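Asker:
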Amino acid sequence: MRVSNHPLFTVREVPSEAEIVSHQLMLRAGLIRRLTSGIYTWMPLGLRVLRRVEQIVREEMDRAGALELLMPAVQPAELWQETGRWDQYGPLLLRINDRHQRSFCFGPTHEEVITDIARRELKSYRQLPVNFYQIQTKFRDEIRPRFGVMRAREFVMKDAYSFDLDDVSHDASYARMREAYTRIFTRLGLAFRVVEADSGEIGGQQSEEFHVIADSGEDAIAWCEADGFAANIETARTLPPTTPRPPPGSERAEVHTPEVRTIDALAAFLGVAPERCVKTLLVDGSDGRPVALVIRGDHELNAVKAAKLDAIADPLRMCDADTVRAHVGCAPGSIGPLDLDVPVIVDHAAAHVADFVCGANRDDYHLTGCNWGRDLPEPQSADLRNIVAGDPSPRGGGTVRIDRGIEVGHIFQLGRKYSEAMGATVLDEDGRSRPITMGCYGIGVSRIVAAAIEQNHDARGIIWPGPLAPFDVIVVALGAERSERVAGEADRIHDALQAAGLQVLLDDRALRPGVKLADAELIGIPWRIVVGERGLKEGVVELQHRRETEATRVAPEEVIALVAQRVRDDVEPID
Ligand code: ATP
Ligand code: MG
Numbered sequence: 000m001r002v003s004n005h006p007l008f009t010v011r012e013v014p015s016e017a018e019i020v021s022h023q024l025m026l027r028a029g030l031i032r033r034l035t036s037g038i039y040t041w042m043p044l045g046l047r048v049l050r051r052v053e054q055i056v057r058e059e060m061d062r063a064g065a066l067e068l069l070m071p072a073v074q075p076a077e078l079w080q081e082t083g084r085w086d087q088y089g090p091l092l093l094r095i096n097d098r099h100q101r102s103f104c105f106g107p108t109h110e111e112v113i114t115d116i117a118r119r120e121l122k123s124y125r126q127l128p129v130n131f132y133q134i135q136t137k138f139r140d141e142i143r144p145r146f147g148v149m150r151a152r153e154f155v156m157k158d159a160y161s162f163d164l165d166d167v168s169h170d171a172s173y174a175r176m177r178e179a180y181t182r183i184f185t186r187l188g189l190a191f192r193v194v195e196a197d198s199g200e201i202g203g204q205q206s207e208e209f210h211v212i213a214d215s216g217e218d219a220i221a222w223c224e225a226d227g228f229a230a231n232i233e234t235a236r237t238l239p240p241t242t243p244r245p246p247p248g249s250e251r252a253e254v255h256t257p258e259v260r261t262i263d264a265l266a267a268f269l270g271v272a273p274e275r276c277v278k279t280l281l282v283d284g285s286d287g288r289p290v291a292l293v294i295r296g297d298h299e300l301n302a303v304k305a306a307k308l309d310a311i312a313d314p315l316r317m318c319d320a321d322t323v324r325a326h327v328g329c330a331p332g333s334i335g336p337l338d339l340d341v342p343v344i345v346d347h348a349a350a351h352v353a354d355f356v357c358g359a360n361r362d363d364y365h366l367t368g369c370n371w372g373r374d375l376p377e378p379q380s381a382d383l384r385n386i387v388a389g390d391p392s393p394r395g396g397g398t399v400r401i402d403r404g405i406e407v408g409h410i411f412q413l414g415r416k417y418s419e420a421m422g423a424t425v426l427d428e429d430g431r432s433r434p435i436t437m438g439c440y441g442i443g444v445s446r447i448v449a450a451a452i453e454q455n456h457d458a459r460g461i462i463w464p465g466p467l468a469p470f471d472v473i474v475v476a477l478g479a480e481r482s483e484r485v486a487g488e489a490d491r492i493h494d495a496l497q498a499a500g501l502q503v504l505l506d507d508r509a510l511r512p513g514v515k516l517a518d519a520e521l522i523g524i525p526w527r528i529v530v531g532e533r534g535l536k537e538g539v540v541e542l543q544h545r546r547e548t549e550a551t552r553v554a555p556e557e558v559i560a561l562v563a564q565r566v567r568d569d570v571e572p573i574d
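No gaps in the numbering here: position 374 of the sequence shown is 373 in numbering that gives the first Met the number 0, and each next residue is one more.
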C-alpha cells in the first residue's frame with residue numbers, strides 16, 4: 000500500500016476537544032473523525048486496527064467453541080417489555096418509532112433477542128451447551144459521551160451468550176469464556192487485570208471485568224498483591240474495624256458553623272481531622288420513606304453497595320432539599336444522626352469513631368463530641384463506602400492498593416433471569432421442561448483501540464503493539480521524487496515485504512523528510528525502514544522499531560528476512 004493511494008489524514012495540532020491522550024492521538028493520526036457527540040467514523044487507517052482486534056477476538060471465540068451469528072441492531076419494544084427492561088433501562092436506551100408508530104430500540108445489548116432465538120430453536124438438552132456470539136454496532140445514549148471511542152454512544156461490541164442445562168455445565172462454559180478472554184487480552188499485548196464486578200443493568204449473580212490498567216481509566220480497582228484479591232471499587236467489600244471503638248472522651252457541644260459547606264471546611268473551621276467528622280445523607284428507602292446514611296468525613300458513599308441493602312431503593316436516589324427540610328428541618332448540609340425520626344444506617348468505619356462531629360439538624364450548626372451508645376443509640380452498621388488504599392483486603396491477606404482501569408471486557412453469570420422471564424426452556428433427559436441457564440460475555444472492541452493507545456504511546460505518537468498495528472512496516476522513501484535509485488529500492492523493499500506476507504505502507508509522498516518521519520512516528524507503525532540516497536551509497540537502509548531510539552544500518556537485501564522474522568515473533572499467537 001502506498002501513501003499516494005492511502006492518504007494519512009494526520010494533523011499536527013492537538014485537538015482542543017480531546018482530553019485524554021488516546022483521543023488526541025486517534026484524531027491526530029487520522030484513525031477516527033467525529034460526526035456528532037459520541038458518534039465517530041472509522042477512517043481507513045483506524046478501521047485496519049479495529050479489524051485486527053475483531054480478528055483476534057473472533058479467532059479466540061471460535062477456538063473456545065462459540066458460534067458466530069449476527070442479530071439485528073433494531074429490536075422491537077415487545078421483547079424488552081417481556082423482561083421488564085423497556086422501563087428499567089431508562090434514557091440509555093435509544094427508542095425509535097417506525098411509520099406505524101410501533102416502538103423499537105437500537106440495541107444496547109442483546110439478551111432479549113438471543114433468548115428469543117433460544118426459546119424458538121433450543122428444545123432439547125441434546126442441543127446444549129451452546130454459545131452464540133456476534134461482533135456488532137451497539138448504541139447506548141450515554142449521559143456523558145467522552146474520550147472519543149472510549150465512551151461513545153455508538154460503538155462496536157463483541158457479545159456472546161451461553162446456554163446450559165444446569166449450573167455445573169454453566170460454570171464450565173463461564174470458565175471457558177474467562178480463559179478465552181485471558182488469551183484475547185494477552186494476544187492483544189495489553190497489561191490487564193481480572194476483577195470482581197457488579198452486574199449492573201444486565202443482572203444475574205457473579206460477574207468479572209477485564210480492565211486495561213491506565214491512569215486515565217474511568218474505573219477504580221482495588222487489589223491486593225499478597226492474597227490475589229481484585230475488585231472494581233463499585234463492589235469491593237470493606238471489613239468492619241476489628242479493634243474496639245475508643246471510649247467517649249469529651250462532652251457534646253453545639254457550635255455555630257456559618258458558611259461552612261464542605262467536610263474539609265468544617266474540619267479546618269473546628270481544627271479536627273476529616274475522619275473525626277461524619278456526613279449524613281438522606282436517601283429514598285425501599286418503602287418510599289427516607290433513610291439516613293452516615294459515612295466518615297474522609298470516605299465516599301458507594302451507591303452500588305448502598306442500593307443493594309433491603310431498606311434502600313435501587314437505584315440509589317438522594318432526597319431533594321425540600322424532603323430533607325420536611326423530615327429533618329434543615330438544609331442537606333446540616334443533617335446529623337442524632338434524634339432523627341427516620342431509620343439510620345451507619346457505615347462500619349463511621350460507627351467506629353468516638354467524639355465525632357456531625358450536623359445538628361439545624362441550619363448552620365454542628366455538634367462536636369458526639370458518641371454512639373451515649374448521645375444516640377448503638378448504630379446499625381453496614382458496608383456503605385468505597386474501599387480506599389491502605390484498607391485491609393476483604394480476603395484478609397494484606398492491604399489493598401487502588402489502580403485506575405479501563406473496562407474492556409465483562410463476563411456475567413445470568414442464571415435463569417432471562418430464560419424464566421421469556422420462557423426459554425428445554426426438555427432434560429427425563430423429559431422434564433427446564434429453564435435454560437445463561438451467561439453473557441461482552442468485549443468493547445472499539446474501546447480496546449483507545450485503551451491500547453493509552454498504554455502504548457510517547458510524546459511523538461502511538462506505539463502499536465505488534466498484533467494491533469494497522470501496518471507491520473512503513474517504508475519511508477526520502478527524496479524519492481528526486482532519486483530514481485531511492486524510488487526503485489523503496490518499491491522493491493515494499494513489494495518484497497508484501498510478498499513475505501507483511502502489511503506494508505510505503506510513504507512515497509514528495510514531502511520533506513522531517514514531515515514523513517514525524518507522520519510515521521505519529522501513526523505508530525512498529526517497524527520503519529528509511530531508504531535514502533546517502534544510505535544507499537553506503538549500501539544500507541535504516542531499520543528502527545518504534546520503541547527504539549537508534550536505527551540499525553542493514554543491507555537492503557537482508558532487511559526483508561530480518562523484519563519478517565521480528566514481526567512474526569511479535570504477533571505469533573500464544574500456545
Ligand atoms: P461501563 O461501565 O463502561 O459503562 P458497562 O458495564 O455498561 O460499561 P457492558 O454492558 O459490560 O458495559 O458492555 C460490555 C463492554 O462494552 C464493556 O466492558 C465495555 O468494554 C464496552 N462498552 C460499554 N459501554 C461502552 C461505550 N459507551 N463506549 C465504548 N465501549 C463501551
Ligand atoms: Mg460492564
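Using N, Cα and C, we set each Cβ at its ideal position, and we do this for glycine too.
All values reported here derive from a predicted model rather than from experimental measurement.
Use the C-beta contact count for S3: other C-beta atoms within 10 angstroms, 16 or more gives buried, fewer gives exposed.
Answerer: Answer is exposed; the Cβ neighbour count stays below 16.
Asker: For H409, which of A179, R32, P240 and L30 has the nearest alpha-carbon?
Answerer: Comparing Cα-Cα distances from H409 to each of A179, R32, P240 and L30, the minimum goes to A179.
Asker: Just grab the DSSP bridge partners of E364 for me.
Answerer: The question names Glu, but residue 364 in the sequence shown is Tyr. Looking at the DSSP assignment, Y364 forms a beta bridge with H255.
Asker: Rounded to the nearest angstrom, what separates I262 and V387 at their Cα positions?
Answerer: The straight-line gap from Cα to Cα measures roughly 18 Å.
Asker: Tell me the rounded alpha-carbon separation between Y39 and P144.
Answerer: The alpha-carbon atoms of Y39 and P144 are separated by roughly 11 Å.
Asker: Classify G37 as buried or exposed, calling it buried when 16 or more other Cβ atoms lie within 10 Å of its own Cβ.
Answerer: Buried, since its Cβ has 16 or more Cβ neighbours within 10 Å.
Asker: Does the stretch 427–444 come close enough to the stretch 140–159 to have 3 or more Cβ pairs within less than 8 Å?
Answerer: Contact holds: three or more Cβ-Cβ distances are below 8 Å.
Asker: Given Q205, which residues of its chain have a CB within under 6 Å of its CB, disregarding the five upstream and five downstream residues?
Answerer: Around Q205: Q412.
Asker: With DSSP collapsed to three states, give me the class of H347.
Answerer: Coil at H347, not helix or strand.
Asker: Measuring only the C-alpha atoms, how far is V327 from W85?
Answerer: V327 and W85: Cα-Cα distance of roughly 36 Å.
Asker: Run through the DSSP bridge pairs and tell me what H210 is partnered with.
Answerer: Per DSSP, R192 and E406.
Asker: Is the number of C-beta pairs between the stretch 508–521 and the stretch 483–499 that are closer than 8 Å three or more?
Answerer: The stretch 508–521, when compared against the stretch 483–499, does not touch it at the 8 Å Cβ threshold.
Asker: From the DSSP output, which residues share a beta bridge with P391?
Answerer: In DSSP, P391 forms a bridge with T398.
Asker: Contact between the stretch 133–151 and the stretch 62–69 is defined here as three or more beta-carbon pairs at a separation below 8 Å; is this criterion met?
Answerer: Cβ pair count under 8 Å is three or more, so yes.
Asker: Would you say the beta carbon of G408 comes nearer than 7 Å to a heavy atom of the ligand ATP?
Answerer: Because some heavy atom of the ligand ATP lies under 7 Å away, the Cβ of G408 counts as near it: yes.
Asker: Do the CB positions of E120 and Y417 come within less than 8 Å of each other?
Answerer: No, these two residues do not count as a Cβ contact at 8 Å.
Asker: Mind pulling the beta strand (DSSP E) runs of 3 or more residues that sit fully within the stretch 407–438?
Answerer: The stretch 407–438 contains these whole beta strand (DSSP E) runs: 424–426 and 432–434.
Asker: Once DSSP output is grouped into helix, strand and coil, what is the label at S445?
Answerer: Three-state result, S445: helix.
Asker: Which same chain residues end up closer than 8 Å to R192 when comparing Cβ atoms and leaving out the 5 residues on each side of it in sequence?
Answerer: Around R192: F209, H210, I212, I220, W222, A229, D402 and G404.
Asker: State the DSSP-derived secondary structure class of S123, mapped to helix, strand or coil.
Answerer: In the structure shown, S123 sits in a strand (DSSP, three-state: E or B).
Asker: Give me the Cα-Cα distance between L34 and D457, rounded to the nearest whole angstrom.
Answerer: When rounded, the distance between both Cα atoms is 27 Å.
Asker: Do S215 and I19 have their CB atoms nearer than 8 Å?
Answerer: It is a contact, given that the beta carbons lie within the stated cut-off.
Asker: Once you ignore the five residues that flank R186 on each side, which residues in its own chain have a CB closer than 8 Å to its CB?
Answerer: Contacts found: I55, E59, P466, P572 and I573.
Asker: Quick check: what's the CA-CA separation for F105 versus P90?
Answerer: Rounded to whole angstroms, F105 to P90 spans 12 Å at the Cα level.
Asker: Checking 8 Å against the spacing of the C-beta atoms, do D354 and R446 come in under that value?
Answerer: Against a cut-off of 8 Å, the Cβ pair of R446 and D354 comes out as no contact.
Asker: With 16 other CB atoms within 10 Å as the buried threshold, where does K536 fall?
Answerer: When all chains shown are included, K536 counts as exposed.
Asker: Using 8 Å as the threshold, is the C-beta distance between L30 and M42 below it?
Answerer: Contact: yes.
Asker: So, under 8 Å CB-CB, P576 and D568 are touching, yes? Tell me the CB distance rounded to an integer number of Å.
Answerer: Since the first residue shown for the chain is 0 and the last is 574, residue 576 is missing from the structure and cannot be characterised.
Asker: Going by DSSP in three states, M317 sits in which element: helix, strand or coil?
Answerer: Strand at M317.
Asker: Let me know if D115 comes out buried or exposed under the rule of 16 or more other beta-carbons within 10 Å of its beta-carbon.
Answerer: The residue in question, D115, is buried, as its Cβ has 16 or more Cβ neighbours within 10 Å.
Asker: Which one or two residues does DSSP pair with N130 in a beta bridge?
Answerer: Paired residues: S161.
Asker: Classify A379: buried if its beta carbon has 16 or more other beta carbons within 10 angstroms, exposed otherwise.
Answerer: Reading the sequence as shown, one finds Gln at residue 379 and not Ala. Counting Cβ neighbours within 10 Å, Q379 comes out exposed, since fewer than 16 surround it.
Asker: Just list the residues that DSSP pairs D283 with in beta bridges.
Answerer: Its beta-bridge partners are P289.
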